[in-house]
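Structure, as structure tokens:
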Amino acid sequence: MATNSIHGMWSTRLAFILAASGSAVGLGNIWRFPYTAGEYGGGAFVLVYLLCVGMIGLPIMMAEIMLGRRGRQSPINTMRTLAREEGRSSAWQLLGWMGIISGFLILSFYSVIAGWTMAYAFRAAGGWFRGIDVTAAGDMFNGLVGDPERLLAWHTIFMVMVVLVVARGVAAGLEKAVRFLMPALFLLLLAMVGYGIQAGDFGGAVTYLFAPDFAELQGKAGEAILSAMGQAFFSLSLGMGAIMIYGSYLKGDASIAHNTLIVAGLDTLVAILAGLAIFPIVFANGLAPDSGPGLIFQTLPIAFGEMPGGALFGALFFVLLLFAAWTSAISLLEPLVAWLVENLSFSRVRASVLAGITVWLLGIVCLLSLNAWSEIKIFGKGFLDLFDYLTANILLPLGGVLIAVFAGWLLSRSSSVDELQLGEGLAYRIWRLLIRYVAPIAVAIVLLNAIGALKLTGLG
Ligand code: PHE
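Residues in the sequence shown are numbered consecutively from 16, following my numbering.
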């Protein structure tokens, strides 16, 4: 067994936590979580989301880190090696391939949204938000989204930023960046929550997020549960190999359970804080919580426009969000780049550029679906929405089930005991129960239910 990865190793235990949180915390927490929770009426969705994080996300994150550290290669080769060692079919490497496809699709739209945050950082700094009202904020957002050339420019800049870091090797560059950016983002979010308490409808937001009203889910419970589960996978970066490959750079003596709790805890905290920052503004301004992907871009400018020092605050906020998106995007590209280096002997630079260009092209399809190609619908969705739905709600959970099955049923008990270093006590037994039964069965039921619903609508 290799004790080191050829792609580099985290220099300290803290470095893994930083990098994995850098992957987990991103647009998923601050952009996607609030608007998805808003689409499903708040509290009930949040409750299901938290259950998914605890019962499905935690055990699968442990499994991904564990498999990565045991394999010490790109997810494709890790799965191939582990399957061979455990006497299982080499077809398990397909799991790695599926992850690459998910990563490609996610990054293609992720980069477009990251572009929005860049545009908004400039707008904030330029004082565009001063005294802005709901209608003006809506118009500003629609103006950006309706302009393919601007979107293309930002998308291109973002992809260049991602390729630059991945080409240098993530273990080298990432540690330093995340170390101060994450705490800074966290503090700024707290300040935004403070603003919500002072100037927004904070009470309304708390009730909305934490008092589950199951009547909100009437007629769309299956869809809501699928979305909450998908959000958990997306936000925790699970099911596509990002956390697996970061696990492969983790030193042998670090505690996987401990690291998982910290990373998942931080990720969840940031999502909840984002909700507590955004919904007070939504309710105080009479905005609709279910206004979709534009939610934070249509609400935050109003707040920045009102508060003293809002231009500076706003710019800082969107810049930090951009950095959070950057560190997530890096982890989306890394599995493929590592594979290209391992199997095709590409240099990291060549591999990153090639992967980056492919994603960039696919991103153009996404950004055009917001304007010039808005008529083109597949299953009733434009490309950006379709890629988002397909990855978060289907491919990531599917990847997660397969990881759970492999880690819980096919990897020998002694291998997982050895790798998790929890002994065979209660903690290990709980993990094993969750990974063998709870996680795969829960995900399978939700997925099958969704497929059933799809068929029904197809026939109806
Ligand atoms: N977790 C990231 C976010 O919340 C997105 C991501 C998904 C990153 C899957 C890697 C893998 O923004």
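All C-beta atoms, glycine included, are put in the ideal place defined by N, C-alpha and C. Note that the coordinates shown come from a computational prediction; the quantities given were computed from them, not determined experimentally.
Continuous alpha helix (DSSP H) stretch holding residue i: start and end
i, result
"Y404", "F398 to Y404"
"G423", "Careful: G423 lies outside any alpha helix (DSSP H) and carries neither H nor E."
"V170", "Here residue 170 is His; the residue named in the question, Val, does not match the sequence. Taken as a continuous stretch (DSSP letters only), the alpha helix (DSSP H) holding H170 covers P163 to R183."
"H273", "I271 to A299"
"W112", "Q108 to A140"
"W446", "L441 to L448"
"R28", "R28 to A39"
"N10", "The question about residue 10 has no answer, for the chain in this structure spans 16 to 475."
"N92", "P90 to E100"
"G53", "F48 to E54"
"T314", "L310 to E321"
"N157", "V149 to V160"
"P74", "L73 to G86"
"G58", "G58 to C67"
Contacts around residue i, its chain only, beta-carbon distance under 7 Å, and the 5 residues preceding and following it disregarded
i, result
"E79", "L253, I258, M259, G262 and I418"
"F443", "Phe is not the amino acid found at residue 443; the sequence shown has Tyr there. Excluding residues within five positions, the ones whose Cβ falls inside 7 Å are V432, L435 and L437."
"R428", "none"
"S270", "Q436"
"P163", "L382, L383, N386 and A387"
"G130", "L166, W169, H170 and F173"
Backbone CA spacing between residue i and residue j [nearest angstrom]
i, j, result
"M76", "S250", "12 Å"
"G301", "A139", "22 Å"
"L42", "I393", "24 Å"
"F476", "A366", "Outside the modelled stretch of the chain, which goes from 16 to 475, sits residue 476, for which no answer is possible."
"Y452", "I317", "46 Å"
"L205", "A98", "45 Å"
"A52", "P295", "14 Å"
"V416", "G72", "11 Å"
"D228", "T222", "10 Å"
"V374", "Q213", "42 Å"
"T150", "A299", "15 Å"
"G378", "V160", "14 Å"
"L351", "A186", "16 Å"
"V334", "V68", "28 Å"
"M81", "F248", "17 Å"
"T132", "L336", "7 Å"
"A272", "V285", "20 Å"
"G324", "Y135", "16 Å"
"M113", "F119", "10 Å"
"L463", "N408", "12 Å"
"W46", "L310", "8 Å"
"G475", "K396", "Model confidence at G475 stands at a pLDDT of 36, short of 50, so the residue's coordinates are unreliable; what they give is reported in the following sentence. If I take the Cα positions, the gap works out to 18 Å."
"I91", "Y210", "46 Å"
"L265", "L425", "23 Å"
"L241", "A465", "7 Å"
"I32", "E390", "43 Å"
Residue-level contact to chain D via CB, residue i, 8 Å cutoff
i, result
"V380", "The structure shown contains no chain D; it is built from a single protein chain."
Cβ-based neighbour list, residue i, same chain, cut-off 6 Å, excluding 5 preceding and 5 following
i, result
"S38", "S252, A257, S343 and S346"
"E54", "D305"
"L355", "F361 and A366"
"A468", "G237"
"W388", "none"
"L359", "none"
"V380", "F398"
"F338", "L196"
Own chain residues within Cβ distance below 8 Å of residue i, not counting five before or after
i, result
"A326", "A139, A140, G141, G142, F144, R145 and F319"
"S36", "V193, M197, I277, V278, L281 and D282"
"I450", "P74, I75, M77, A78, A419, A422 and G423"
"L490", "The structure shown has nothing for residue 490, since the chain only spans 16 to 475."
"V368", "V178 and A182"
"M203", "Sequence inspection shows Leu at residue 203; the Met mentioned does not correspond to that position. Closer than 8 Å at the Cβ level, and outside the excluded window around L203, lie F328, L331, F332 and L335."
"S105", "R95, A98 and R99"
"G267", "T18 and R84"
Start-end ranges of the alpha helix (DSSP H) lying completely within the region 207 to 256, minimum 4 residues: Counting whole runs of 4 or more residues, the region 207 to 256 contains the alpha helix (DSSP H) stretches 217 to 225 and 236 to 250.
Secondary structure, alpha helix (DSSP H): runs of 4+ residues fully inside the region 325 to 385: 325 to 359 and 363 to 383
Cβ contact check for the region 191 to 202 and the region 331 to 343: 3 or more pairs under 8 Å: yes
Touching by the beta-carbon criterion (3+ pairs, under 8 Å), the region 376 to 385 and the region 215 to 225: With the rule of 3 Cβ pairs closer than 8 Å, the region 376 to 385 does not count as touching the region 215 to 225.
Contact between the region 20 to 35 and the region 161 to 175 (3+ Cβ pairs under 8 Å): no
Segment contact, 8 Å Cβ cut-off, at least three pairs: the region 402 to 413 with the region 458 to 465: yes
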